[in-house]
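> Sequence lines, in order, name chains A and B. Sequence positions in the first sequence follow the working numbering and run -2 to 110. Sequence positions in the second sequence follow the working numbering and run 82 to 196. Heads up, the beta-carbon is just placed ideally off N, CA and C, and yes, glycines get one too. This structure is a prediction, so every number in the text was calculated from the model and none was measured. Sharing a structure below in structure tokens format, with a few things to ask.
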Amino acid sequence: QQQVKQSPQSLIVQKGGISIINCAYENTAFDYFPWYQQFPGKGPALLIAIRPDVSEKKEGRFTISFNKSAKQFSLHIMDSQPGDSATYFCAASTGGSARQLTFGSGTQLTVLP
Amino acid sequence: NAGVMQNPRHLVRRRGQEARLRCSPMKGHSHVYWYRQLPEEGLKFMVYLQKENIIDESGMPKERFSAEFPKEGPSILRIQQVVRGDSAAYFCASSLGPGMDTEAFFGQGTRLTVV
């Protein structure tokens, strides 16, 4: 099964709050899990990525939590800002790299000022 | 160092015409990937190419779609006899190679509208 399921479809958060987006996968061969941020009219841009040998990775206000046994991973955006308003996609691939990514369906995040 | 360049940014074609989408990878990148994004959906992998070779085309529709990445020049995604269902954003990404932890950089996409 190649699907990556992402939730919620949309999310509204107050400025300064925590945004949490969740993804689940079935293919146990996946070994690279990136998150992409996409603004309207732009291409996706890599935000942060994790390999399954670690349970958490933090870069600035962005943290990925990874649960290998549950086959789930999530993105946490701390101290959310209006500039974070965008669509976020989780993805997964094999071979430990970003080739042939399987994307989730996306989460439209709105951060209210 | 310029990023991944795609052109045109917007393309309008009538049903039955051909659409040609171009992608110039980042400097030094020899691996190119094409994805299609339908409205309100995630990106779907179409094809993975290396210079002069198609590595994986498992996501490409069997008919009307083709892709190439010649030794010189950009990668081309060609859609023959377009239909309304081909209307989508087509994104190209490039990477240094398929190795571990290799990041793929995306272009801004070509938005194809079939009227």
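Please list the partners that glycine 123 of chain B has in chain A, where partner means a Cβ-to-Cβ separation under 7 Å.
Going along chain A in sequence order, the residues near glycine 123 of chain B (Cβ under 7 Å) are Phe86, Phe100, Gly101, Ser102 and Gly103.
> Using a C-beta to C-beta distance shorter than 8 Å, which residues of chain A count as neighbours of alanine 83 of chain B?
Residues of chain A passing the Cβ test: none, with the nearest at roughly 14 Å.
> With a threshold of 9 Å between beta carbons, is glycine 40 of chain A in contact with chain B?
Yes, its Cβ sits closer than 9 Å to a Cβ of chain B.
> Alanine 83 of chain B: buried (16+ other C-beta within 10 angstroms of its C-beta) or exposed?
Exposed, since its Cβ has fewer than 16 Cβ neighbours within 10 Å.
> Is the beta carbon of lysine 125 of chain B sitting closer than 9 Å to the one on glutamine 131 of chain B?
No, these two residues do not count as a Cβ contact at 9 Å.
> Here's the rule I'm using: 16 or more other beta-carbon atoms within 10 Å means buried, otherwise exposed. How should arginine 159 of chain B be labelled?
Classification of arginine 159 of chain B: exposed, given that the 10 Å Cβ count is below 16.
> Since glutamate 184 of chain B meets chain A, which of its residues come closer than 7 Å, beta carbon to beta carbon?
Under the 7 Å cutoff, chain A gives Leu43 and Ala95.
> Looking at C-alpha atoms only, which residue of A:Tyr22, A:Thr60 and A:Pro37 is the closest neighbour of isoleucine 15 of chain A?
Here the closest residue by C-alpha is A:Thr60.
> So that I know if they touch, is there some Cβ in chain A lying closer than 9 Å to that of aspartate 167 of chain B?
No, its Cβ sits nowhere closer than 9 Å to a Cβ of chain A.
> Around the C-beta of valine 93 of chain B, are 16 or more other C-beta atoms found within 10 angstroms, so that it is buried, or is it exposed?
By the neighbour-count rule (16 or more Cβ atoms within 10 Å), valine 93 of chain B is not buried but exposed.
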